[in-house]
Amino acid sequence: TSAPVITIDGPSGTGKGTIAALLAERLGWHLLDSGALYRTLALAARRADVDLDDDAALGALAERIEVVPDGERVWLDGEDVSAPIRTAQAGADASRVAVHRSVRAALLDWQRAAARPPGLIADGRDMGSQVFPAAVLKVFLDASPEERAMRRYKQLKDKGLDANLPNLIQELRVRDARDRERSESPLQVPSGGVVVDSTELTIDEVLAQVVSLAQQAL
Ligand code: C5P
Numbered sequence: 016t017s018a019p020v021i022t023i024d025g026p027s028g029t030g031k032g033t034i035a036a037l038l039a040e041r042l043g044w045h046l047l048d049s050g051a052l053y054r055t056l057a058l059a060a061r062r063a064d065v066d067l068d069d070d071a072a073l074g075a076l077a078e079r080i081e082v083v084p085d086g087e088r089v090w091l092d093g094e095d096v097s098a099p100i101r102t103a104q105a106g107a108d109a110s111r112v113a114v115h116r117s118v119r120a121a122l123l124d125w126q127r128a129a130a131r132p133p134g135l136i137a138d139g140r141d142m143g144s145q146v147f148p149a150a151v152l153k154v155f156l157d158a159s160p161e162e163r164a165m166r167r168y169k170q171l172k173d174k175g176l177d178a179n180l181p182n183l184i185q186e187l188r189v190r191d192a193r194d195r196e197r198s199e200s201p202l203q204v205p206s207g208g209v210v211v212d213s214t215e216l217t218i219d220e221v222l223a224q225v226v227s228l229a230q231q232a233l
């Protein structure tokens, strides 16, 4: 496609999703939350009793279901699954199904179809390295594990949910390790990527940096 793409990759808890949504709004571009697609496939697998470690069965399931990302919402066979895919379980399941080659291949088409004029902001783990290697700007958003766990903790508390910081740090370590060490599209700084470390920055400060990078790139 000819629509310009800006990718925002990085580990979970760095504020990628928030920054991607704000940048899309600022530029008037489309938004793709690729993690939501992995979460949706994981949810579909749980519901259909498909083994989360069965590469072939997951690939077949991905071909059979209709998943439509729509900004910050996702539709699974016509059902809005935006809420059920946000549980910690769906996140952990997503990171399990994401190691499979057949899954990543099936999701490639769904993701590339989102690149439409006037442009797309895509956030995930391999947006710059695998899905949109020709992106006009590739941001890699990072932050220390402690800071990321703390942000998640506050988010949950703000929603009135139960949260345990040591457990959150542990879950984040497991997910990080799986994302960085897998052989299929591991989480890494893409070639040509610009690292932005948000550990000491507010959302507004990160957004200002990313907007300025976008202005230089466009
Ligand atoms: O970003 P989010 O936490 O929603 O992603 C859930 C999981 O989906 C990640 O931990 C990762 O394993 C997987 N994922 C991926 N590639 C992407 C986006 C997400 O492997 N582009």
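In the UniProt record's numbering, the protein residues as written are 16 to 233. No residue lacks a Cβ here, since even glycine has one placed at the ideal position from N, Cα and C.
{"Check": "Contact set for glycine 58: own chain, Cβ-Cβ below 8 Å, skip 5 residues either direction", "Outcome": "Looking at the sequence provided, one finds leucine at residue 58 rather than glycine. Contacts found: Leu91, Val96, Pro99, Ile100, Ala105, Asp108."}
{"Check": "Per-residue burial, serine 213 [other beta carbons within 10 Å of its own, 16 or more giving buried]", "Outcome": "buried"}
{"Check": "CB contact flag (alanine 35, leucine 46, <8 Å)", "Outcome": "yes"}
{"Check": "Beta-carbon proximity of leucine 38 to alanine 229, cut-off 8 Å", "Outcome": "yes"}
{"Check": "C-alpha distance - lysine 174 paired with arginine 167, whole-angstrom precision", "Outcome": "11 Å"}
{"Check": "Contact between the stretch 73-82 and the stretch 17-24 (3+ Cβ pairs under 8 Å)", "Outcome": "no"}
{"Check": "Length-filtered (4 minimum) alpha helix (DSSP H) runs lying within the stretch 156-219", "Outcome": "160-173, 180-196"}
{"Check": "Euclidean distance between Cα positions of valine 83 and valine 89", "Outcome": "6 Å"}
{"Check": "Residue range of the unbroken beta strand (DSSP E) whose run includes glycine 139", "Outcome": "135-139"}
{"Check": "Proximity to valine 209 [Cα-Cα], best of Leu156, Arg188, Gln145", "Outcome": "Leu156"}
{"Check": "Cβ-Cβ separation, proline 160 to arginine 188 (assumed contact under 8 Å), whole Å", "Outcome": "7 Å"}
{"Check": "Given alanine 71 as reference, the closest of His115, Asn182, Ala164, Asp124 once Cα atoms are compared", "Outcome": "His115"}
{"Check": "Inter-residue spacing [alpha-carbon to alpha-carbon] between glycine 86 and alanine 60", "Outcome": "23 Å"}
{"Check": "Test item: CB-CB of aspartate 138 and aspartate 219 under 8 Å", "Outcome": "no"}
{"Check": "Methionine 142 to valine 65 span [Cα, whole Å]", "Outcome": "27 Å"}
{"Check": "Cβ-heavy atom distance, tyrosine 53 to ligand 1, below 7 Å", "Outcome": "yes"}
{"Check": "CB-CB length for valine 226 against arginine 41, believed under 8 Å", "Outcome": "6 Å"}
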